[in-house]
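Asker:
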Amino acid sequence: MDIELRGISKRFGPVQANQDINLDIRAGEVLGLLGENGAGKSTLMNILSGLYSADSGEILIDGTPALFAGPGDSIASGIGMVHQHFMLVPVFSVVENVILGVEPTSGADFLDLAAARAQVQEINTRYGMEVPTDALIEDLPVGIQQRVEILKVLFRSADVLILDEPTAVLTPQEVEEFFTIVRALRDAGKGIVFITHKLHEILEIADRVSVLRQGQIVGQGDPATFSEADLAEMMVGRPVSFSVGRGESTPGDTVLDLAGVSLFDNAQDARLVDINLTVHGGEVVGIAGVQGNGQTELVEAITGLSAVTTGEIGFAGEDITRASVRQRHRMGIAHIPEDRHKSGMVGKLTVAENMVLNSYYDESVTSGVQIDWRRVHARAAAACLSYDVRTPSVFLGAGSLSGGNQQKMVVARELERDVKLIVASQPTRGVDVGSIEYIHQQLIACRDHGNAVLIISSELDEILDLSDRIYVMFEGRIAAEFDNRGAGADRNAIGLAMAGVSRSENRSENRGENRGESRGDAA
Numbered sequence: 002m003d004i005e006l007r008g009i010s011k012r013f014g015p016v017q018a019n020q021d022i023n024l025d026i027r028a029g030e031v032l033g034l035l036g037e038n039g040a041g042k043s044t045l046m047n048i049l050s051g052l053y054s055a056d057s058g059e060i061l062i063d064g065t066p067a068l069f070a071g072p073g074d075s076i077a078s079g080i081g082m083v084h085q086h087f088m089l090v091p092v093f094s095v096v097e098n099v100i101l102g103v104e105p106t107s108g109a110d111f112l113d114l115a116a117a118r119a120q121v122q123e124i125n126t127r128y129g130m131e132v133p134t135d136a137l138i139e140d141l142p143v144g145i146q147q148r149v150e151i152l153k154v155l156f157r158s159a160d161v162l163i164l165d166e167p168t169a170v171l172t173p174q175e176v177e178e179f180f181t182i183v184r185a186l187r188d189a190g191k192g193i194v195f196i197t198h199k200l201h202e203i204l205e206i207a208d209r210v211s212v213l214r215q216g217q218i219v220g221q222g223d224p225a226t227f228s229e230a231d232l233a234e235m236m237v238g239r240p241v242s243f244s245v246g247r248g249e250s251t252p253g254d255t256v257l258d259l260a261g262v263s264l265f266d267n268a269q270d271a272r273l274v275d276i277n278l279t280v281h282g283g284e285v286v287g288i289a290g291v292q293g294n295g296q297t298e299l300v301e302a303i304t305g306l307s308a309v310t311t312g313e314i315g316f317a318g319e320d321i322t323r324a325s326v327r328q329r330h331r332m333g334i335a336h337i338p339e340d341r342h343k344s345g346m347v348g349k350l351t352v353a354e355n356m357v358l359n360s361y362y363d364e365s366v367t368s369g370v371q372i373d374w375r376r377v378h379a380r381a382a383a384a385c386l387s388y389d390v391r392t393p394s395v396f397l398g399a400g401s402l403s404g405g406n407q408q409k410m411v412v413a414r415e416l417e418r419d420v421k422l423i424v425a426s427q428p429t430r431g432v433d434v435g436s437i438e439y440i441h442q443q444l445i446a447c448r449d450h451g452n453a454v455l456i457i458s459s460e461l462d463e464i465l466d467l468s469d470r471i472y473v474m475f476e477g478r479i480a481a482e483f484d485n486r487g488a489g490a491d492r493n494a495i496g497l498a499m500a501g502v503s504r505s506e507n508r509s510e511n512r513g514e515n516r517g518e519s520r521g522d523a524a
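The working numbering puts the first residue of the sequence shown at 2, with every later residue one more than the last.
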């Protein structure tokens with residue numbers, strides 16, 4: 002099935018999300034779709050999925066105009082979307098999730114589970130997905146759960162699949178397995194739209210690439226004719242540096258020291274188990290791992306958001322195990338949260354108000370017992386200038402900023418004060434390549450000024466680019482430690498540790514009197 006989008010335009014109030022877009026999706030081909038946050042990718046795909054109606058333009062399916070009154074019409078036309086955030090019922094089996102809403106019946110409308118299982122297994126086998134169809138979703142690793150989402154759209158007879166950031170939560174080994182499935186789908190005649198911000202993936206998997214900027218197509222063609230630098234420049238409209246110039250680190254005194262830290266939830270399930278790690282001044286330490294393996298709990302333990310069950314947390318020579326969030330903040334711990342919308346900013350507040358969310362009580366912005374708003378506004382304006390937060394005014398609502406500028410606002414708030422430790426959790430999640438470049442530069446600058454930097458990221462490339470040492474987390478434990486200086490760490494070995502393979506062999510000796518020294522045993 003071939004799809005043509007012709008002259009598609011869509012406006013939301015004063016914002017022109019899509020403008021006169023022409024795009025072809027061809028059977029048996031992978032189309033890579035690139036663009037910054039706010040470039041119009043989501044709007045365009047939502048129009049194709051029937052969630053939005055275009056203001057002008059048309060969609061042609063095999064040359065025939067198609068009108069979508071809603072998502073049901075798009076699905077019925079053979080279009081399926083696999084979202085970045087999975088839409089699965091954890092306590093249901095694979096088969097139950099796949100057939101949900103389109104259950105096959107027999108006789109007097111009774112569910113024919115045997116027929117459903119046979120249909121799902123046939124699709125599973127045809128494309129080599131290797132999904133255990135009777136297993137519960139909650140018992141499956143993330144990479145297999147993603148395949149269940151693909152099974153869902155194929156069960157609904159999709160001929161065109163839209164894959165939204167499909168590798169965001171996969172290990173390097175899982176990415177290769179996923180690409181094998183994508184190629185099998187392509188070779189079977191499926192049209193694939195592959196949306197990603199990982200430029201090297203476009204060059205590896207796409208047959209054609211289209212780049213969106215400010216709601217318009219600014220470049221398209223054969224990926225073989227482009228470099229990563231070419232694609233990045235098309236996305237942001239200027240040259241982008243992929244090297245942060247990390248250079249050699251000169252680690253100083255121990256700033257953060259976790260000794261035997263464990264954390265159990267209310268159900269007494271282990272979230273962190275015997276964590277031993279250190280971060281020194283003047284170094285970047287990365288925490289790698291597939292999301293959901295204790296990274297969030299680790300950050301909460303360090304920043305005081307969760308109380309540890311056992312173990313000790315040392316900071317600059319002091320025991321802060323029972324210190325409050327505010328006490329840790331005042332001692333010099335900065336925290337860039339993993340989800341800016343949930344815990345990093347308030348969209349309805351102004352940029353200036355967001356800049357003092359964690360310091361409104363500080364003498365630098367108060368006069369007596371009241372907030373001195375003139376100081377707040379001056380401080381916010383200076384921070385926006387220093388950290389390239391692009392806003393016409395600090396009085397503007399933070400929710401109206403682009404994703405990249407929202408993240409830079411959060412980074413500015415945390416780094417513009419005097420800090421000793423920066424805990425940066427998913428620091429570039431959901432931001433464009435230009436903002437990624439800037440945030441990376443700021444984190445390395447902090448390291449070079451003697452700060453301790455702890456980065457937690459599900460992006461292995463980010464961990465490898467920024468870190469001097471790397472810990473890998475798996476199932477709430479430190480699975481391995483790698484030295485990333487000099488020749489750098491072994492990417493494949495890190496990927497295996499992320500998947501829990503040979504954990505006992507790969508795990509570093511991360512306790513005892515030499516705890517925290519770079520051993521390079523797995524590098």
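The C-beta atom is built at its ideal place from N, Cα and C for all residues, glycine as well.
Assuming the contact rule is C-beta atoms closer than 8 Å, Ser-426 and Val-326 should be a hit. Round their C-beta distance to whole Å, please.
Answerer: Wrong, their Cβ atoms sit about 15 Å apart, outside the cutoff.
Asker: May I ask which residues mark the beginning and end of the beta strand (DSSP E) holding His-450?
Answerer: Run containing His-450: none; DSSP gives neither H nor E here.
Asker: Are Leu-467 and Val-285 close, meaning C-beta to C-beta below 9 Å?
Answerer: Yes.
Asker: Within 10 angstroms of the Cβ of Asn-23, are there 16 or more other Cβ atoms? Answer buried if so, exposed if not.
Answerer: So Asn-23 ends up on the exposed side.
Asker: Closest by CA to Asp-135, which one among Arg-376, Val-411, Pro-91 and Gln-174?
Answerer: Considering only alpha carbons, the answer is Pro-91.
Asker: Going along the chain, which unbroken runs of the alpha helix (DSSP H) with 4 or more residues stay wholly within the stretch 108-193?
Answerer: Fully enclosed alpha helix (DSSP H) runs of 4 or longer: 114-127, 143-156 and 173-188.
Asker: According to DSSP, simplified to helix, strand and coil, what is Arg-492?
Answerer: In the structure shown, Arg-492 sits in a helix (DSSP, three-state: H, G or I).
Asker: So, helix, strand or coil for Asp-275, using DSSP?
Answerer: In this structure, Asp-275 counts as strand in the three-state DSSP scheme.
Asker: Are Val-347 and Ala-399 closer than 9 Å when you measure CB to CB?
Answerer: Contact flag set, yes.
Asker: Quick one: what's Met-474 bridged to in DSSP?
Answerer: For Met-474, which the question treats as bridged, DSSP gives the partners Ile-479.
Asker: Which term fits Leu-32, buried or exposed, when burial requires 16 or more other beta carbons within 10 angstroms of its beta carbon?
Answerer: Counting Cβ neighbours within 10 Å, Leu-32 comes out buried, since at least 16 surround it.
Asker: Does the Cβ of Met-356 have 16 or more other Cβ atoms within 10 Å, making it buried, or fewer, making it exposed?
Answerer: With 16 or more other Cβ atoms within 10 Å, it is buried.
Asker: Inspect the beta-carbon positions of Ala-289 and Val-473 and report whether they are closer than 9 Å.
Answerer: Contact: yes.
Asker: Quick check on Ile-4: does DSSP put it in helix, strand or coil?
Answerer: Note: Ile-4 maps to strand in three-state DSSP.
Asker: Asp-258: buried (16+ other C-beta within 10 angstroms of its C-beta) or exposed?
Answerer: Buried.
Asker: Where does Pro-66 fall in DSSP's three states?
Answerer: Pro-66: strand per DSSP, three-state reduction.
Asker: How far does the alpha helix (DSSP H) with Glu-301 in it extend, from its first residue to its last?
Answerer: From DSSP, the alpha helix (DSSP H) with Glu-301 extends over 296-304.
Asker: Give the DSSP-derived three-state secondary structure of Ser-211 in the structure shown.
Answerer: Residue state, collapsed to three classes: strand.
Asker: For the alpha helix (DSSP H) that contains Ile-76, what are its first and last residues?
Answerer: Looking at the DSSP string, the run of the alpha helix (DSSP H) that includes Ile-76 is 72-77.
Asker: Go to Asn-23, then tell me how far its beta strand (DSSP E) extends in each direction, as first and last residue.
Answerer: 16-26 is the extent of the beta strand (DSSP E) around Asn-23.
Asker: Name, in chain order, the residues that DSSP records as bridge partners for Phe-265.
Answerer: According to DSSP, Phe-265 bridges with Ala-271.
Asker: Do His-198 and Glu-229 have their beta-carbon atoms positioned less than 9 Å apart in this structure?
Answerer: Not a contact, by the Cβ cut-off of 9 Å.
Asker: If you count every other CB in all the chains shown that lies within 10 Å of the CB of Tyr-439, and 16 or more means buried, which is it?
Answerer: Under this definition Tyr-439 is a buried residue.
Asker: On a Cα-Cα basis, can you pick out the residue from Gly-39, Leu-34 and Leu-6 that is closest to Phe-13?
Answerer: Phe-13 has its Cα closest to that of Gly-39, out of Gly-39, Leu-34 and Leu-6.
Asker: Got a sec, what are the start and stop residues for the beta strand (DSSP E) Ile-423 sits in?
Answerer: That run of the beta strand (DSSP E) goes 422-426.
Asker: If you drop the 5 nearest sequence neighbours on each side, which residues of the same chain put their C-beta closer than 8 Å to that of Glu-97?
Answerer: Counting only Cβ-Cβ distances below 8 Å, and skipping sequence neighbours, we find Val-90.
Asker: Could you give the DSSP three-state label for Glu-30: helix, strand or coil?
Answerer: If DSSP states are grouped into helix, strand and coil, Glu-30 belongs with the strands.
Asker: Pro-252: which of Leu-264, Thr-279, Glu-234 and Val-241 sits nearest, CA to CA?
Answerer: Residue Thr-279 is the option with its Cα nearest to Pro-252.
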